[in-house]
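Residue numbering for the sequence shown follows this note's numbering, starting at 209 and increasing by one per position. All residues carry an ideal CB built from backbone N, CA and C; glycine is no exception. This one's a predicted model, so the numbers in the text were calculated from it and none came from an experiment. Okay, so here's the structure we're looking at.
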Amino acid sequence: LYLATPTEIQKFTVCQEFSHQYNNMLGDLYVPHEMPEAPKESFFKGLFGGGMRNLDREELFGESSGKANRSVAKHIPGPNANIQDLNARTTSVTSEIGKAHQLMLERGDKLSQLEERTERMANEAQQFSSSAHLLMNKYKDKKWYQL
Numbered sequence: 209l210y211l212a213t214p215t216e217i218q219k220f221t222v223c224q225e226f227s228h229q230y231n232n233m234l235g236d237l238y239v240p241h242e243m244p245e246a247p248k249e250s251f252f253k254g255l256f257g258g259g260m261r262n263l264d265r266e267e268l269f270g271e272s273s274g275k276a277n278r279s280v281a282k283h284i285p286g287p288n289a290n291i292q293d294l295n296a297r298t299t300s301v302t303s304e305i306g307k308a309h310q311l312m313l314e315r316g317d318k319l320s321q322l323e324e325r326t327e328r329m330a331n332e333a334q335q336f337s338s339s340a341h342l343l344m345n346k347y348k349d350k351k352w353y354q355l
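What follows is the structure, encoded as C-alpha cells:
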C-alpha cells in the first residue's frame, strides 16, 4: 500500500500468498450441514391420508417384498455337487500340504546353513583366541621400550 498523501492511495499491491488465502477469508452466506434423515411416518398417518410416499424399487420388487424375482435363475445343485465339492476341497488341501512341505524343506536348508556358519564362526574365534594368546606370550617379558 503506497500513499501519496494521507488520504489518497497511489498504488495497491497484493502478494501471491494473500491471493491464495483470499478465498479462505471470504465469508459464507450459510453454514453447510448434512441433510437430515426424513422423519419416520407413523402407522395412523400413513393409514389415514398420509399422502404419497417415496418407495424404493428394491422395496417393491426385491427380496424384501417377499416375492422372488422370476427372471433370476437360481442354482440347484445336482447329485454330483457333493462329489465336486469334495474334489475341490481335496485339491485345495493337497496344495496346502504341498506348500507346507516345501516351506519345511526350505527351513531345514536354512537351519543347516546357519549351523555351518555358526560352526565356522566358532572355529575362527578359537583360532583368534589362540593367536592372541601366542602374541601375548611373545611380548609378555619385554618392556614397553623394547617393543
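- Beta-bridge pairing by DSSP links Thr213 to Glu216.
- Note on geometry: alpha-carbon atoms of Glu242 and Phe226 lie some 31 Å from one another.
- Within the segment 302-331, there are no complete alpha helix (DSSP H) runs of at least 4 residues.
- The three-state secondary structure of Lys253, taken from DSSP, is helix.
- Going by DSSP, Glu225 is part of the alpha helix (DSSP H) stretching over 224-233.
- Secondary structure of Leu343 (DSSP, three-state): helix.
- The DSSP-derived three-state label of Asn288 is coil.
- DSSP places Leu237 in the coil class of the three-state scheme, outside both helix and strand.
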